[in-house]
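Right, one structure below, let's go through it.
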Amino acid sequence: PDDGPVAETVVAEVAAATERFGGSLVTSPVTVDEALACDVVLAIVGSAGTVGTASATMPPPPGHPPRTDPYLRAVQAVVEDLLALGSSVLSPGMFGLGRHRGRTVVVAADAAGLLYGLHAMVRRGEAALSGLDDFVWDLPVSSVRMLDHWDNTVVHPVMGQVERGYAGGSIFWSEGRVRDDLSRVAQYARLLGSVGINAVGLNNVNVHAAEARLLTDHVDDVARLADAFRPHGIRVYLSVSFAAPITLGGLETADPLDPAVQDWWASAFRRVYEAIPDFGGVVVKADSEGQPGPFAYGRDHADGANLLARALRPFGGTVFWRAFVYDHHQDWRDRSTDRARAAYDHFTPLDGRFDDNVVLQVKYGPMDFQTREPVSPVIAAMPRTRLAVELQVTQEYTGQQQHACYLGPQWAEVLEFPLAEDGRSVAYIAAGLSEGDGQPTPAGGIVGVSNVGTDEFWTGHPLAQANLYAFARLAWGEEDPVAVLDEWIGLTFGDDPVVRSAVHAVLDDSWHTYESYTAPLSVGFMVRPGHHYGPDVDGYEYTAWGTYHYADRDGIGVDRTRATGTGFTGQYPSPWRDVYESVETCPDELLLFFHHVPYTHVLHSGSTVIQHIYDTHADGYDEVVRMGGTWESLRGRVPDAFFDRVSERLAEQERSAREWRDHVRSAFFRRSGIPDATGRTIY
Ligand code: GCW
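Position in the sequence shown (first residue = 1) + 21 = the UniProt record's numbering.
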């Protein structure tokens, strides 16, 4: 059925495939016999309704002739059986896929679900088209699955065009305007739609002068991007500057309680929606790292977020308001301020005050996208607020797409972590789902910072494509990161078992490998300031950023206990507040995030902290050498250009891992004076 641009996309995809393979395509209206004669049947059966009401919930789109009875009966004949197989209610984005009565069937509640079902069928490959009856339902856990681009429209003097981008320029923007040729954006949109992404932020959350004007002067450009994403079920969002009423509107204030400010936002959004009726809304970084915000007017972040939410409400738009608010002018001498506490301290008092079209977007950890952090306690502390969890697909602190570092396992750990007192996981909280009889919280979403750019392999490191894919699949609700990687390998390289096992050997454990040769035991931030690449143990130690490790000759780590430290452990619900409070129960991998311990402290693993540092850094480097050898065995088995680019990056990873190993091992030997028990060289 022609139910809009996404349904048209499904028809076009199927038409292209049938033509390629010499089949034929019948589109509605069809007779029962025609439908049942097809090898593959794809059907929309009405949104959130049962099949009993399918005919009632399938009004034709405006301007279209009424649906014909034979079409409805054909759909119903198949669907009635299918619903009896399992689900009686279809929700948005949900689909059923499988073999049924000798044919392959995809059914969904809406066009987006049909699109997802079609691509799920493609992922199954030939197996989807043969075999015995076997039917499964699948649905996204989280209703919003979003990628944020930190793209500037112009090249920023310090950050380049894409902030923390490691894959070339922006695929959207060039010289201040949308690109003329959007064919790459169309490919990207198709890719994202195929794995269930349904929202994209088009510009950097640090909104500079040129980009602020997208909202007012370049809505036509934004509309062209919206046109490219719409056929794949994706709505676009803009990052906006809280000071826009002043900088763009010429007002004297951006105070959220000022009626002129409220009017300014209302009319700005009205103009956007005239051009883009399905515009998603805005992403806002306010009072953070120099971005303007409501604090300047003595207002809080609920006042700020609700200002925009009320201006967007008439049009159905949403505000994604970031919780990444902390003091970036901290005096390093001040031991009483703990950056890890900041988001919780700022936002939890506001729980219940945000309008229902505000989503609070929380970084997964309390600090800033480190290789290892505990899960942010904010996520369990605001039951009356819609919460989205923000992950970083772009590898700012995890090797910058020079290092192979598959982040699926990190994200799976975060999303499955049973943070809430009632045991609900982070993914459940973000999805607004309850457990058992528990009270459901309102739904937010899962957000990732994108890692693509104009690079010919899209992601700089070709293997970093796996991170983009895994983000989408885990945001959808898949749980096993190695199974997701396996899917990506099959879709990317085909069926060669040698390639499959080698790519697994390189990537499966690469996050742990990266962790082992960089900052130890979750202490974080031992990177070169500014660009954040490569080792520098004290790089951030005496700066204003609040990211300290306090390593001296005797010990290392941040005391965040209630008993003797910053009290951060008290922000966690039970049992985590006690698990993290005690060195006895704190997991090794989070030890230095919560505790300052002597180098001789014995870990649960049986090793001392200092020996752990020596061993993991040496072993991690050895593992990178092994990864290089494994990849080398694929020469000639994967496309040459792909092979060569990965080989170059693995060589750099090996060089950098060696640098990390020697820098960190030497730095801690010089501090502690304790030798490496294995006698390996220290410089
Ligand atoms: O990790 C830090 C990055 C900044 C980024 C900021 C944020 C967009 O170093 O480049 O700014 O986080 O998430 O806002």
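For each residue, glycine too, the CB sits at the ideal point set by N, CA and C.
In this text the structure is predicted, and so the values were computed from the model without any measurement.
| Asked | Found |
| --- | --- |
| Please go through the same chain and pick out, in chain order, the residues whose beta-carbon is closer than 6 Å to the beta-carbon of Val-645, but skip the five residues on each side of it. | Gln-674, Glu-675, Ala-678 |
| I want to check one thing, is the minimum distance from the CB of Trp-171 to the heavy atoms of the ligand GCW below 6 Å? | yes |
| Mind checking which residues open and close the beta strand (DSSP E) that includes His-622? | It is not in any beta strand (DSSP E) - His-622 carries neither H nor E in the DSSP assignment. |
| Give a yes or no on whether 7 Å exceeds the smallest Cβ distance from Gly-44 to chain C. | You won't find chain C in this structure, because it holds only one protein chain. |
| Can you list, in chain order, the residues of its chain with a C-beta nearer than 7 Å to that of Gly-214? Leave out the 5 residues immediately preceding and following it. | Leu-136, His-253, Gly-254, Ile-255 |
| Is the CB-CB distance between Gly-197 and Ala-231 below 7 Å? | yes |
| Here's the rule I'm using: 16 or more other beta-carbon atoms within 10 Å means buried, otherwise exposed. How should Leu-381 be labelled? | buried |
| Give the DSSP-derived three-state secondary structure of Thr-480 in the structure shown. | coil |
| For the candidate residues Val-126, Pro-335, His-633, Ser-163, whose alpha-carbon lies nearest to that of Ser-112? | Ser-163 |
| Give the secondary structure of Tyr-258 by DSSP, where H, G and I count as helix, E and B as strand, and everything else as coil. | strand |
| Any heavy atom of the ligand GCW closer than 6 Å to the CB of Asp-389? | yes |
| Residues bridged to Ser-195 by DSSP? | Arg-198 |
| Can you list, in chain order, the residues of its chain with a C-beta nearer than 6 Å to that of Asp-299? Leave out the 5 residues immediately preceding and following it. | Arg-256 |
| For Glu-610, is the beta carbon positioned less than 6 Å from some heavy atom of the ligand GCW? | no |
| Look at the alpha carbon of Val-32 and the alpha carbon of Tyr-365, and state the distance between them as a whole number of angstroms. | 47 Å |
| Any heavy atom of the ligand GCW closer than 6 Å to the Cβ of Val-226? | yes |
| Please state whether DSSP places Asn-173 in a helix, a strand or coil. | strand |
| Using only alpha-carbon positions, find the residue among Pro-266, Val-183, Ala-639, Ala-572 that is nearest to Glu-536. | Ala-639 |
| Considering Leu-63, what are the terminal residues of the beta strand (DSSP E) in which it resides? | 61-65 |
| Quick check on the DSSP output: what are the complete alpha helix (DSSP H) runs of length 4 or more inside the segment 494-577, in order along the chain? | 502-514, 518-528, 531-538 |
| Spatial neighbours of Val-165 within its chain, please: CB distance less than 6 Å, with the 5 preceding and 5 following residues excluded, ordered by chain position. | Ala-220, Gly-466 |
| Using a Cβ-Cβ cutoff of less than 7 Å, which residues in the same chain neighbour Val-199 once the five nearest sequence positions on both sides are dropped? | Phe-193, Asp-242, Arg-245, Leu-246 |
| Which of the three DSSP states is assigned to Gly-119 in this structure? | strand |
| With DSSP run on the structure shown, which of helix, strand or coil describes Thr-629? | strand |
| By how many angstroms is the C-alpha of Val-206 removed from the C-alpha of Ser-191? | 10 Å |
| Going by Cα to Cα distance, which pick from Thr-237, Asp-321, Thr-339 is closest to Arg-292? | Thr-237 |
| Kindly provide the ranges of any beta strand (DSSP E) runs that are 3 or more residues long and lie completely inside the segment 332-420, ordered along the chain. | 339-343, 379-384, 407-413 |
| Any contact between the segment 654-666 and the segment 477-488? By contact I mean 3 or more CB pairs, one from each, below 8 Å. | yes |
| Please give me, in chain order, every unbroken run of the beta strand (DSSP E) with length at least 3 that falls completely inside the segment 146-171. | 155-159, 166-169 |
| Got a sec, what are the start and stop residues for the beta strand (DSSP E) Val-35 sits in? | Premise fails: Val-35 lies in the alpha helix (DSSP H), 26-41, not in any beta strand (DSSP E). |
| What residue range does the beta strand (DSSP E) around Ile-467 cover? | 466-470 |
| Can you check which of these residues, Phe-614, Asp-573, Phe-689, is closest to Gly-588 by C-alpha distance? | Phe-614 |
| Which of helix, strand or coil does DSSP assign to Thr-125? | strand |
| Taking 6 Å as the cut-off, is the beta-carbon of Arg-185 closer than that to any non-hydrogen atom of the ligand GCW? | yes |
| Rounded to a whole number of angstroms, what is the C-alpha to C-alpha distance between Thr-513 and Val-519? | 14 Å |
| Let me know the secondary structure DSSP gives Ala-639 once reduced to three states. | helix |
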